[in-house]
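Only one structure is covered here, and it is reproduced in the block below.
Residue numbers (the working numbering): 102 to 676.
This is the structure in structure tokens:
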């Protein structure tokens, strides 16, 4: 086995107790997919800090009101609202395509569309609903619901379809029902806020890590007087007495599932993630969610289309930013394109790329705002791979998303896989999609979500590593699910091809205290540079749309003192 020492040791995370990250077998013999059959898309870690061209930058010859760095959902959202206000905008994106983690694509050689990254979103609060309305997705609740049951849980060799359905909860240890009840109670008590989380009146959960909060739930449940809580707690006590639940760690089964979720959505295991970040995410995971044929990529595509039709807006891909410098009358930005360097002047700049790199490319930031820059530099990130696997036919179609914890699970496994064609119009509503009476047309796309251990970050994440990661994940999928498919459906995964999307530094870790102690400092503008990335909150679809819109409002407020934010906006205008 190849091993790599931990490369990321941050004061906010105690990683000394973690096992050394494992890359998987050095030989490709154990893999079911030859490495030369795996296509890699997305830049490596080095793409975040590209070398400066050895030439002086050429003036672009055109000024803009605002330069937006990064074309993920936050950058696109900022650009929509800035251009709505009539401002000229230049969007600079280091990758060859726009949309960041919210990208849709087609499988090579087919017309089958699927998402490359973020798969779905949840019910919208008012500000998010207004933003979705603005970008053509206001009717998502009627047009884009994912059919229930959405989630299943394959745990220690047993499948639990519809994790939070009443019938499934009767099979699982009572700790799961207790967790669901306590999560809902926390929501009812106002402990789980929407964006901006850091402005919420109740921030108690940010004092806990997720695992600690979950393990405290039985003591909270014991004090509740309502009949439902009392019945659940009585069942929990009975399971303890019978040995169905471990007396040493009664909530271990729940923490194991939430480790998968925290790794997938929040960067690392439940031990390190703020409970308020987790709760903000997970309270919506137990109800209906929404997606399109290309996941959240439809939001990105809609915004790119809107922006592309507007005079005064320029979208520029393959243009990594090298240097940003504040001035008395604006911001000068140097970026690279096709081996050349260019400089562009703007009145303001929205930084919607990963905040970790802001102090490296914003001139004087570390010296001028040492606390703010220090918090950004110290943020932990995980690298991520999303593997799209084309398989022959439709051998598995139990639920949209299947969370996986094998008996020999470790933190290097993938966390879950999604049926990438679930919302394909050619399959949606197909009679018998779940019951295996007959196959829908065409082949399946199994989209494997594979967050990499924190210690992997900093390795470079080159093409060869990306292929090894993908091959290992596909091999694990086959190893874990081949017996299950053969026994239950008389089917198998026959792999036809793999496209792996590489997302370095894509998920940041919101540790306990992130919202209480850090976000209000990190979100402050530095000179004429405003920060609009979801790194400020949680790595979420909802957060990205909010932070981009908020950055736009802050720029507009500073450009025009008479600017009034929308009545529905919760955005804080920074002084």
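From the three backbone atoms N, C-alpha and C, an ideal C-beta is built for every residue, glycine too. These numbers come from a predicted model, not from an experiment.
- Residue pairing for residue 193: DSSP places it in a beta bridge opposite 170, 417.
- Looking from the CA of residue 139, the closest CA among 607, 663, 661, 573 belongs to 573.
- Secondary structure remark: continuous beta strand (DSSP E) runs of at least 3 residues inside the stretch 440-507, in chain order: 441-452, 482-492, 502-506.
- Counting along the chain, residue 605 sits inside the beta strand (DSSP E) bounded by residues 596-609.
- Burial of residue 566 is indicated by the presence of at least 16 other C-beta atoms within 10 angstroms of its C-beta.
- Spatial neighbours of residue 442 in its own chain (CB-CB distance under 8 Å, excluding positions within 5 residues in sequence) are listed in chain order as 153, 154, 156, 157, 158, 159, 423, 435, 436.
- Among the bridge pairs identified by DSSP, residue 517 is matched with 504, 550.
- The DSSP-derived three-state label of residue 155 is coil.
- Collapsing the DSSP output to three states places residue 252 in a strand.
- Put simply, the backbone Cα of residue 523 is about 21 Å away from that of residue 200.
- About 17 Å separates the beta carbons of residue 240 and residue 398, which is beyond the 8 Å limit, so they are not a contact pair.
- By the neighbour-count definition (other C-beta atoms within 10 Å, threshold 16), residue 252 is a buried residue.
- Ranked by Cα distance from residue 246, the first of 453, 222, 279 is 222.
- Residue 651 has its alpha-carbon roughly 14 Å from the corresponding atom of residue 623.
- With respect to the 7 Å criterion, residue 164 and residue 513 are not classified as neighbours on the basis of their beta carbons.
- The C-alpha of residue 621 is placed about 21 Å away from the C-alpha of residue 229.
- Here the alpha carbon of residue 510 sits roughly 12 Å from the alpha carbon of residue 504.
- DSSP places residue 243 in the helix class (H, G or I) of the three-state scheme.
- Closest in C-alpha terms to residue 553, from the list 483, 578, 499, 619, comes 483.
- Assigned with DSSP and collapsed to three states, residue 221 falls in coil, not helix or strand.
- Three or more pairs of CB atoms, one per stretch, sit closer than 8 Å, so the stretch 373-389 contacts the stretch 357-365.
- Going by DSSP, residue 646 is part of the alpha helix (DSSP H) stretching over 642-660.
- Contact between the stretch 333-350 and the stretch 448-463 is absent: fewer than three C-beta pairs spanning the two stretches fall below 8 Å.
- Nearest neighbour of residue 406 by Cα position, chosen from 374, 271, 181, turns out to be 181.
- When rounded, the separation of the alpha-carbon atoms in residue 351 and residue 278 is 13 Å.
- Residue 416 and residue 655 have their C-alpha atoms spaced approximately 21 Å apart.
- By the Cβ criterion, the stretch 268-286 is not in contact with the stretch 514-521, since fewer than three pairs of Cβ atoms, one from each stretch, lie closer than 8 Å.
- For the 7 Å CB-CB criterion, residue 519 and residue 203 do not form a contact.
- With a threshold of 16 other beta carbon atoms within 10 Å, residue 265 meets it and is buried.
- DSSP links residue 216 through a beta bridge to 205.
- Within the same chain, Cβ atoms closer than 8 Å to the Cβ of residue 472 are found at 622, the five residues on either side in sequence being excluded.
- Here residue 162 is exposed. Its C-beta has fewer than 16 other C-beta atoms within 10 Å.
- Within the DSSP bridge table, the entry for residue 438 names 441 as partners.
- Straight-line spacing of the CA atoms in residue 323 and residue 286 works out to 13 Å.
- At the C-beta level, residue 649 and residue 172 stay beyond 7 Å of one another.
- In this structure, the alpha-carbon of residue 195 lies about 32 Å from that of residue 596.
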